[in-house]
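Here's the structure we're looking at; comments come further down.
Residue numbers (the numbering used here), protein chains in the order written: chain P, 8 to 175; chain S, 8 to 175.
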């Protein structure tokens, strides 16, 4: 939301219009864009695009060659219609991010967990994402100011690698 | 989610079944129940019932004399389908809670704001709730361990009263 605004409906319309304009530029430059819905906890200050459903509504009006969707388990795992929504992304998934949702979460921005340390059923989500035609990378994205970011990079890499096989 | 479980689909089925059983008891006792969807940020540890949509799906199978819905602006304000969802609650709204969503929110449980101090368009939501037939109380519910809970009760009451008129 812009400073002082409480108009989430208008913010969403602006995003939809803006994405349409960005796609024109993307077409000129020959690049492909992706929309990444963020968890509703960020609706006020990080992204008003909060669900797969909303992303699909924007994507429906724009060509798949220009615009895909990026799915991050952290943002979508709670969705009560998750299976249908991922299936509806068929052929348009451009990215897939993994981490985990910790219980308790001490900070909604920078306290994400290593895969396997939280409550997200990552293999189940990955299976749905791949069934919807995704063949790209599985990207590890762990914002963790008080834990993982304080550990040596080598250790993070080796544990991430192990967990990618055992928990994803 | 139960300890160790990652099965949110099953948790939701359990809730739906449990509400059905509770309604039998409620009918015997002559009381009416209400479902209150909580914000998705609480999906892991407080409630797997995260949207109005899910509550309506459970309510559709049970009589309105036994089961209503309680709407709290804090939990529902982000919903991209908010207008339609509240309209779909026609005649079944049993409670309406107000507070505000602060930016930034320092703690997702106990850092709610006084009405008017955050980003929720409370009058717009209240208008929809009343258009859906609600004629009950507007209840102030502000979990605020580091701010409001530390102030004198008289002050909280007088500011709440003022804000109920000016911001709701």
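The C-beta atom is built at its ideal place from N, Cα and C for all residues, glycine as well. These figures come from a predicted structure and were not determined experimentally.
Does the beta-carbon of residue i have 16 or more other beta-carbons within 10 angstroms, so that it is buried, or is it exposed?
{"i": "residue 156 (chain S)", "result": "exposed"}
{"i": "residue 13 (chain P)", "result": "buried"}
{"i": "residue 79 (chain P)", "result": "buried"}
{"i": "residue 11 (chain P)", "result": "exposed"}
{"i": "residue 130 (chain P)", "result": "exposed"}
{"i": "residue 110 (chain S)", "result": "exposed"}
{"i": "residue 159 (chain S)", "result": "exposed"}
{"i": "residue 86 (chain S)", "result": "buried"}
In chain order, what residues of the same chain lie with their CB nearer than 8 Å to the CB of residue i, ignoring the 5 residues before and after it?
{"i": "residue 15 (chain S)", "result": "8, 50 and 55"}
{"i": "residue 48 (chain S)", "result": "115"}
{"i": "residue 135 (chain P)", "result": "89, 90, 93 and 94"}
{"i": "residue 19 (chain P)", "result": "55, 56 and 61"}
{"i": "residue 67 (chain P)", "result": "none"}
{"i": "residue 28 (chain S)", "result": "none"}
I'd like the span of the alpha helix (DSSP H) that includes residue i, first residue to last.
{"i": "residue 26 (chain S)", "result": "15-36"}
{"i": "residue 92 (chain S)", "result": "89-95"}
What does a CB cutoff of less than 7 Å around residue i pick up in its chain, not counting 5 residues either side in sequence?
{"i": "residue 60 (chain P)", "result": "92"}
{"i": "residue 30 (chain S)", "result": "40, 69, 73 and 74"}
{"i": "residue 95 (chain P)", "result": "63"}
{"i": "residue 108 (chain S)", "result": "81, 84, 120, 125, 126 and 127"}
{"i": "residue 123 (chain S)", "result": "107, 170, 173 and 174"}
{"i": "residue 152 (chain P)", "result": "117"}
{"i": "residue 245 (chain P)", "result": "Because chain P spans 8 through 175 in this model, residue 245 (chain P) falls outside it and cannot be assessed."}
{"i": "residue 45 (chain S)", "result": "53, 54, 56, 57 and 82"}
{"i": "residue 163 (chain P)", "result": "155"}
{"i": "residue 112 (chain P)", "result": "118"}
Which residues in the same chain as residue i place their Cβ atom closer than 6 Å to its Cβ, once the five residues preceding and following it in sequence are excluded?
{"i": "residue 132 (chain P)", "result": "80"}
{"i": "residue 101 (chain P)", "result": "41, 75 and 77"}
{"i": "residue 98 (chain S)", "result": "140"}
{"i": "residue 65 (chain P)", "result": "23 and 26"}
{"i": "residue 104 (chain P)", "result": "79, 146 and 148"}
{"i": "residue 150 (chain P)", "result": "117 and 119"}
{"i": "residue 21 (chain P)", "result": "none"}
How would you write the range of the beta strand (DSSP E) that residue i sits in, first residue to last?
{"i": "residue 104 (chain S)", "result": "100-105"}
When you measure from the CB of residue i to every non-hydrogen atom of the ligand COA, does any distance come out below 7 Å?
{"i": "residue 9 (chain P)", "result": "The ligand COA is absent from the structure shown, which contains no ligands of any kind."}
The region 29-38 of chain S / the region 28-35 of chain P touching (three or more Cβ pairs under 8 Å): no
Touch test, the region 135-145 of chain S against the region 155-169 of chain S, Cβ-Cβ under 8 Å, three pairs minimum: no
The region 70-77 of chain S touching the region 107-123 of chain S, judged by at least three CB pairs closer than 8 Å: no
Every unbroken beta strand (DSSP E) inside the region 122-175 of chain P [3 residues or more]: none
Unbroken stretches of the beta strand (DSSP E), 3 residues or longer, contained in the region 42-85 of chain P: Complete beta strand (DSSP E) runs here, min 3: 74-79.
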